[in-house]
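Okay, so here's the structure we're looking at.
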Amino acid sequence: CNEILLFGQHGILQSPGYPERTLENRFCKWRIQTTKGNRIRLMFHFFRITESNTRFTSTCLINYLEFGENQILESSVTIDGQQNHTKTMRKFCDHIGKPVWILTENEVVDIIFSSKTEPENHFWLSWSNEGCGGDITSPTNVIVHAEKLANNSKIYECIWKIVAPIGMRVLFYIKKLSVFEIAEGCNEDDSEHFSGLAFYSGTSNATGFAQKVLCSSREEDNYTSHTNELLVKFKIPSKLAKPDVKKRIMTGKVSFIPAKAGDECGAVIESKNFYYNNNS
Numbered sequence: 001c002n003e004i005l006l007f008g009q010h011g012i013l014q015s016p017g018y019p020e021r022t023l024e025n026r027f028c029k030w031r032i033q034t035t036k037g038n039r040i041r042l043m044f045h046f047f048r049i050t051e052s053n054t055r056f057t058s059t060c061l062i063n064y065l066e067f068g069e070n071q072i073l074e075s076s077v078t079i080d081g082q083q084n085h086t087k088t089m090r091k092f093c094d095h096i097g098k099p100v101w102i103l104t105e106n107e108v109v110d111i112i113f114s115s116k117t118e119p120e121n122h123f124w125l126s127w128s129n130e131g132c133g134g135d136i137t138s139p140t141n142v143i144v145h146a147e148k149l150a151n152n153s154k155i156y157e158c159i160w161k162i163v164a165p166i167g168m169r170v171l172f173y174i175k176k177l178s179v180f181e182i183a184e185g186c187n188e189d190d191s192e193h194f195s196g197l198a199f200y201s202g203t204s205n206a207t208g209f210a211q212k213v214l215c216s217s218r219e220e221d222n223y224t225s226h227t228n229e230l231l232v233k234f235k236i237p238s239k240l241a242k243p244d245v246k247k248r249i250m251t252g253k254v255s256f257i258p259a260k261a262g263d264e265c266g267a268v269i270e271s272k273n274f275y276y277n278n279n280s
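According to the UniProt record's numbering, the sequence shown is numbered sequentially starting from 1.
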């Protein structure tokens, strides 16, 4: 459980062996990372980290869950049965406070779990990115709001993975996209330096080639998928964002529409240079 990177827009993290008894002398390090410009919200579903009554008890010195320095924007913590909001705590155990939720400063958070004396010490949390992007399985509005993104980030990045019911297509409607003209990196190739709004077939951009790319402000534009799955990637330097008076960089809507006649994937592919011997 040491030096593990968890990357994505949502997930679950548990102490080793949860909910069974764990081995003593556990020391684990994780890093959770999401798309650039977003924050991470951690929701705690179980937390029990206790220490024996020693002179170190009040400091969570032996058994604790700790987060990286300057990585917590705000947290809600239960202290003596009362829920409190704090911006300063980053080390937790039962005696000091049990975290209810934690919101990170940016897209990265480092977590340390130490359990040296008590085999029943455990935690269970789920996490999700907070800002923009996510998994979409039903019609919804889409908004990229500057105030919900990390204000010190040099890059804003949003990824939507959209899945419609079988037989339907995804219509991604852009009511308004407000950005300065993107002069560099705005093309179909999905490189590390890509900038723009891109649409990919399926729920991954692994092909590295976008079906459509937008490089400037737009109004009343749209893209319709050719299958029931669509990945949309919006990535720009934050200095190119041009939010409106309500701090919105993009507004739009995802809806599902019936497939058009003839809009099907799959076919028989023949190769004239291939011979199949049925008797072999």
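Backbone N, C-alpha and C fix where the C-beta goes; we use that ideal spot for every residue, glycine too.
Length of the line joining the Cα atoms of residue i and residue j
i	j	result
ILE62	ARG21	18 Å
LEU214	ALA150	23 Å
HIS193	SER217	19 Å
PHE199	GLY208	11 Å
ARG248	ARG169	27 Å
GLU270	GLU74	Confidence in GLU270 is poor, its pLDDT being 43 and thus under 50, which makes the residue's placement unreliable; the coordinate value appears in the next sentence. So the two alpha carbons sit approximately 59 Å from each other.
LEU240	ASN38	17 Å
ASN279	ILE166	Only weak support is given to the placement of ASN279: the predicted model assigns it a pLDDT of 48, under 50, and the value that follows is read from those uncertain coordinates. Approximately 39 Å between the Cα atoms of the pair.
PRO99	ILE49	11 Å
LEU13	GLU220	41 Å
SER195	ASN141	23 Å
GLU184	ASN2	39 Å
PHE7	HIS95	31 Å
PRO119	PHE92	17 Å
SER153	PHE180	17 Å
THR117	LEU23	9 Å
ALA259	PHE47	47 Å
HIS85	PRO19	28 Å
TRP101	VAL254	29 Å
LYS246	ASN106	22 Å
Rounded distance between the beta-carbons of residue j and residue i, thought under 8 Å
i	j	result
ILE162	ILE136	4 Å
SER128	HIS10	4 Å
GLN33	VAL108	5 Å
PHE123	LEU171	Rounded, the Cβ-Cβ distance is 42 Å, inconsistent with contact.
PRO16	ARG31	Their Cβ separation, rounded to whole angstroms, is 16 Å, which puts PRO16 and ARG31 out of contact at 8 Å.
LEU125	ARG41	Incorrect: roughly 10 Å between the Cβ atoms, too far for contact.
ILE174	ASN222	6 Å
PHE113	CYS60	With 8 Å as the limit, PHE113 and CYS60 do not qualify as a contact, their Cβ atoms being about 12 Å apart.
THR35	GLY133	6 Å
LYS235	GLU130	About 17 Å; that fails the 8 Å criterion.
SER76	GLN82	Actually they are not in contact, since the Cβ atoms of SER76 and GLN82 sit about 11 Å apart, beyond 8 Å.
Of the residues the options, the one placed nearest residue i, counting alpha carbons only
i	options	result
ALA206	ASP221, ASP189, ARG218 and VAL213	ASP189
ILE79	GLY97, GLN71 and MET168	GLY97
ILE182	VAL245, THR88, LYS91 and SER238	SER238
PRO139	ILE4, LYS260 and GLY252	GLY252
THR227	SER201, TYR156, GLY131 and GLU157	SER201
LEU177	ILE112, ALA261, PRO243 and SER191	PRO243
ILE111	THR86, GLU147 and ASN70	ASN70
GLY68	MET89, GLU51, GLN82 and ASN84	MET89
ILE257	VAL77, ALA164 and ASN84	ALA164
GLU51	ASN121, GLU105 and GLN82	ASN121
Helix, strand or coil at residue i [DSSP, three-state]
i	result
ALA146	helix
SER201	strand
LYS253	strand
SER238	helix
THR224	strand
THR207	coil
THR34	coil
THR50	coil
THR59	helix
LEU5	strand
VAL245	coil
GLY157	A small fix is needed here, since residue 157 is Glu in this sequence, not Gly. If DSSP states are grouped into helix, strand and coil, GLU157 belongs with the strands.
ASN84	strand
CYS132	coil
GLY196	strand
TYR18	coil
LEU23	coil
GLU107	coil
CB contact check: residue i to chain B, cutoff 8 Å
i	result
SER238	Looking at the structure shown, chain B is missing, and only one protein chain is on hand.
The ligand MG heavy atom lying under 7 Å from the CB of residue i
i	result
ASN205	The ligand MG is absent from the structure shown, which contains no ligands of any kind.
Identified DSSP bridge partners for residue i
i	result
PRO99	VAL77
LYS29	ILE112
CYS93	GLY97
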